[in-house]
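**Q** In UniProt numbering, the protein residues as written are 1 to 271. Note that the Cβ used here is the ideal one computed from N, Cα and C, for glycine as well. Just so we're clear, the structure is a prediction, and the values are computed from it rather than from any experiment.
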């Protein structure tokens, strides 16, 4: 379904809504459980020259973060059926690209153009608590994780449910998964042939969803550390993939990108 007049750069999901962002200055909130994803709210002038990444805290579904093309990072709170900007001073969070919120909305992770992953504690004066750097060879030094696999730009980052794992990917085409408690590498997922642009965990943490620049969407089993489904959404870039709230027992997810559409999938079961 076409929802924007330009490319859709990011999606973020709550139990009842899908947030979407494009080159336009406004963000849109869609009804996740309604056929056609009707508009629930338009957040006008959220980012003057457009927004490239969105994230929500899946625990409560009441907190979101957005990153604009002007470099600004905004935090949002959902109250009384409406999204409003959280006026908490977040000037400390800057110079990031992809963004992720932990399920409890305490931690904000952001990636940088030079391959770093930074994490801030939003409940402790927005203090930077981790700085994972990708240099040279693998090792741990004062919360700095070094792995040559992500020495190129990191375009996607996502906390697992519960925040124990952090997945990151980008131009290297590999997906790296780290343990947040130690920074140790948990897994490397290999299978994409183009830049990985988006990552998202399902609610149980059993599966990781990924989208790439060549229009492919993959579903990965964390237990098997392998791809269990590959779909070709289009020949155009996929900028965002997100698991949707379940309807019954069926898993659902959405993909969006250069096609200007939000595509819906149910229960991926092919590989």
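Let me confirm a value: residue 139 is counted as buried when at least 16 other C-beta atoms fall within 10 Å, else exposed. Which label applies?
**A** A caution first: residue 139 carries a pLDDT of 30, below 50, which makes its placement in the model too unreliable to give a value.
**Q** Span of the beta strand (DSSP E) holding residue 185?
**A** Element bounds for residue 185: 185-189.
**Q** Using a Cβ-Cβ cut-off of 6 Å (strictly less than) and excluding sequence neighbours within five positions of residue 31, which residues of its own chain qualify?
**A** These residues qualify, in order along the chain: 38 and 40.
**Q** Going by the DSSP bridge assignment, what does residue 19 pair with across the sheet?
**A** Beta-bridge pairing links residue 19 to 12 and 29.
**Q** Roughly how many angstroms separate the alpha carbons of residue 131 and residue 180, rounded to a whole number?
**A** Each residue's Cα considered, the two are about 11 Å apart.
**Q** Taking 9 Å as the cut-off, decide whether the C-beta atoms of residue 117 and residue 93 are in contact.
**A** Not a contact, by the Cβ cut-off of 9 Å.
**Q** Is the shortest distance between the beta-carbon of residue 96 and the beta-carbons of chain C less than 9 Å?
**A** Reference to chain C is not applicable here, since this structure consists of a single protein chain.
**Q** The beta strand (DSSP E) that contains residue 257, what's its start and end?
**A** Taken as a continuous stretch (DSSP letters only), the beta strand (DSSP E) holding residue 257 covers 250-257.
**Q** Take the Cβ of residue 49 as the centre, count every other Cβ of all protein chains shown within 10 Å, and call the residue buried at 16 or more, exposed below.
**A** The residue in question, residue 49, is exposed, as its Cβ has fewer than 16 Cβ neighbours within 10 Å.
**Q** Given that a residue counts as buried once 16 or more other Cβ atoms are within 10 Å of its Cβ, and exposed if not, what is residue 224?
**A** Exposed, since its Cβ has fewer than 16 Cβ neighbours within 10 Å.
**Q** Whole angstroms is fine: what's the gap from residue 22's alpha carbon to residue 216's?
**A** Approximately 20 Å, taken between the alpha carbons.
**Q** In three-state terms, what does DSSP make of residue 41?
**A** Note: residue 41 maps to strand in three-state DSSP.
**Q** Quick check: what's the CA-CA separation for residue 273 versus residue 235?
**A** Lying before the first or after the last residue shown, residue 273 is absent from the chain, which here runs from 1 to 271.
**Q** For residue 258, I'd like the list of residues in its chain whose CB is within less than 6 Å of its CB, leaving aside the five on either flank, ordered along the chain.
**A** 7, 236 and 237.
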